[in-house]
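Some notes on the structure that comes next.
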Amino acid sequence: MRKMFLFSVFLLGVLNVYAAPDCNKTLILNNETLVKNLNETCSWMVQSPNMTTIVLRVSSLLLKDPRDSVLVLEGTTLLASYTNIDQSGDLLVSGGTSLLIETNFKGASSSRNVTVSLRPQAGGGRFTQTGAVSLNETGFPLNDSSPVYFQLLATRGQQAQILLNDSNLLPTTQITFYDGLQPISKNLLATQSTYSQFFPITSRSGSLLIVCQSLQNQEFFSGYFKSVPSGCDMILTPPSMNFFMQRMKDQTQCSIVQVAASKNKGVTSFRIQNLNLCPNERVTIYEGHSQYDKQIAVLTNESFPVKPLIYVRTERGFLLDVHFNDSECSNKTTKLVALSGMYSQKAACGKTLNSPTGIITSPEYPGLYPFNAYCKWQLPIPDNGSTFIYIAMETAALSPNHTLRVQDGTGRALWQFSGANLPSEDAIVYLNKSQSFVAELIFDSTAKAGQGVGTVSSGFNVTYKLLKCGGLVTLSNGSVGVPEGMPSGEACIWVISLPRSGANNSTNIIEFTLTHPKVSSNSSLTVLDGGTSKSKTFNFGSKSTQKFLSRTNALWVKMIAPTRINLSYNTYSCQKKDQCNNGLCLHPEWKCNGVDDCGDMTDEQNCSSSSSSKTGLKTYLVVIIALMCFAFGVVLTIVVPAVYKRCRYPNYRHLQDLMEPTVT
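Under mature numbering (1 follows the signal peptide of the UniProt record, and there is no 0), read the sequence shown as residues -19 to -1, 1 to 645, first letter to last.
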């Protein structure tokens, strides 16, 4: 500051030498903007009313001689120095009610263009190093909609930071923060309008500009500005980037705030890739920009490696609140970079499903899904009789407390899945159209399980389909079939589900009968032995009526109109003595049939010879048949050719005798 003061005094001395001694002018500002051409060498003293500051905008600036200059000072402090560079549009704000503008033009007379606009503003101003900042609408002239500017300059080598701590603002009022002293869109840091959004705003450079617009009656805000060490606090605004934070000596708390430049409805995914903390140090992650927002996780030196992505709503952003404790660190093991990561913005997970059938997957599938994701798929229910939504999970693995559910438009849960294993039955959910004309599939991984980033898993791949007929059937007996009047080609799906266990440790399976009178050529029936579309298919014969027993306590049935097939079923209970050792119900036809139907050979134990002879071929019979086949082969290869030759060649015996050896 001493150097700046000496430089300002030097400039004043130079100006007193070069300024025209007879050109000292005063410009008095009222409540209107004054546009002034400064095309002569002169000293211009600008005065504004009490309780105001001055806003100076360089409308145009074109100097001809390299020695030309335009200086703007407040007291002995130099605010700006313009030479032969065109800096039209530059903004300056005074800290008080007066400014001094010195124009100094050298060389031959030629056209120069120096035009400035000047106006007073109630509130606003220029602040250096530290100070309280406030704005109250009651000081404004009536019908004045001009923006109010605050220019904050930090101590050399530090950053400017401000935190608004009190306010009464309407949603239409905006307070905009820029890095530097000019309202340049690429330097936008944040826009705030409500108290819940307030958080420390830190410049990237050594200065910060605040612009307040559309302040109405009874509105106000206040805050505190200070200079902070460079590199400790940062705001991230690009749509995607890598970031890192170095370890700050003599600092106990730093922060990284990610703010979206536009308030879109997507998500921001980020990942902490490297974490180098000492004992008793921590990083707290928030969805939002302050410690009053939703806490997602707390990371410590024991949290590495941190693998999962984390989702936050783009409009909310995230805050990494870092607490250092150098006293716990070892100089030999401490790394300079405390943490590093990356983030990117993308479209929101979930959407409106316009097709009555399709597939949805967890975000990032087939990779691990992100932590803190909340995805909503909306499925409009057409006014065509659809009353069920069928859900088949092809793959499914969710971490504890993470869920996939179906709810109606009122938020009432209709079905929910969680866990790491596929469900034993597909879901068929009834939709009450009198209450809602939309079904919603919600994936939620926002539940927090203690400290650290919660674990995630591989997620899900789900097939959905709207149905006009079908359903989940849980009665102990009944029947299912395609209703009258169902359009041709319409599929009906039922899941028949009985309790797995019955009275006295019995096991329940399903006995069912199919009756099908004249069946249309385009009819279709599928019955699966189990509750999902991946269960084993039953193989039906050609008889018009057959009884079947399932292996499990559930059936999956699909009929396609206009079939008139009817499936009737009832509960078939197996007592303990009629069960396989693995608990499976032992069907009567399984016993001693030579096939391991139980899967543990229970059905092939204690089989008598009589029972076995009825159902299988004994080993000794196989041996006898093999010997008989061998003898028959000998006859065919030796005896038959000999008989043939004897009949065709009468001298065959004589020739055979001649071939015998002669004894001498």
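The beta carbon of each residue, even a glycine, is placed where N, CA and C say it ideally should be. As the structure is a prediction and not an experimental result, all values here were calculated from the model.
If I measure Cβ to Cβ from residue i and keep anything under 6 Å in the same chain, skipping five residues before and after, which residues do I get?
i	result
D578	W571 and D584
N562	D581 and T583
T84	L19, T22, C23 and V51
S380	T436, V437 and S438
F180	H270 and S271
M140	The sequence shown places Gln at residue 140, rather than the Met named in the question. Closer than 6 Å at the Cβ level, and outside the excluded window around Q140, lie T183, S184, V209 and S211.
Y371	I409, K446, L448 and I474
L360	L334 and A420
E375	N442
Y4	It is Cys, not Tyr, that sits at residue 4 in the sequence shown. Contacts found: C23.
T297	It should be pointed out that residue 297 corresponds to Arg in this sequence rather than to Thr. Result list for R297: E268 and G269, in chain order.
P220	Q326
Q234	H304
Please list the terminal residues of the continuous beta strand (DSSP E) segment that includes residue i.
i	result
R263	R263 to E268
E345	Neither: E345 is in no beta strand (DSSP E) and is coded neither H nor E.
I423	V419 to D425
E83	S79 to N85
C588	No beta strand (DSSP E) holds C588; DSSP gives it neither H nor E.
Y273	That residue, Y273, is in no beta strand (DSSP E); it is neither H nor E in DSSP.
S24	C23 to Q28
L379	Where L379 is concerned, there is no enclosing beta strand (DSSP E), given that its DSSP letter is neither H nor E.
F299	F299 to H304
L190	S188 to Q194
C473	A472 to S478
E55	S50 to E55
W571	Unbroken run through W571: none, as it is neither H nor E.
P101	N94 to A103
F493	T488 to T496
G452	G451 to V454
Using C-beta distances below 8 Å, list every residue in its chain close to residue i, excluding the 5 sequence neighbours before and after it, in chain order.
i	result
M215	T183, R185, F224, M226, S236, I237 and V238
T518	T507, V508, L509 and D510
S505	K539, M540, I541 and T544
G138	G187 and S211
V318	F225, M226, Q227, R228, N255 and N257
Using beta-carbon positions only, say whether residue i and residue j come within less than 7 Å of one another.
i	j	result
Q110	S208	yes
D71	V39	yes
L447	S514	no
Y324	F251	yes
S174	T154	yes
V463	T544	yes
N306	N261	yes
V240	V264	no
V279	A329	no
T494	S549	yes
G204	L144	yes
A401	A373	no
L530	H497	no
S41	S69	yes
L349	P289	yes
C356	G331	yes
E492	N547	no
T172	N245	no
Exposed or buried, which one is residue i when buried takes at least 16 other CB atoms within 10 Å?
i	result
N458	exposed
residue 656	Nothing about residue 656 can be reported from this structure: the residues present for the chain run from -19 to 645 only.
T391	exposed
Y273	exposed
L456	exposed
G451	buried
T7	exposed
F418	exposed
N576	Inspection of the sequence shows that residue 576 is occupied by Val rather than by Asn. V576 comes out exposed.
V476	buried
G466	exposed
N534	buried
E13	exposed
Q102	buried
What whole-angstrom Cβ distance do residue i and residue j have, given they're in contact under 8 Å?
i	j	result
I277	E283	At roughly 18 Å, the Cβ-Cβ gap does not stay under 8 Å, so I277 and E283 are not in contact.
L60	I35	The pair is not a contact, with the Cβ atoms about 10 Å apart (cut-off 8 Å).
I409	F352	The pair is not a contact, with the Cβ atoms about 31 Å apart (cut-off 8 Å).
T157	V192	5 Å
T96	V16	7 Å
H383	S399	7 Å
Sorted by chain position, which residues of the same chain lie with C-beta nearer than 7 Å to residue i's C-beta, five sequence neighbours on each side aside?
i	result
Q388	A394, L395, E421 and I423
L73	L37, V53, L60 and A61
T444	I340, A373 and E375
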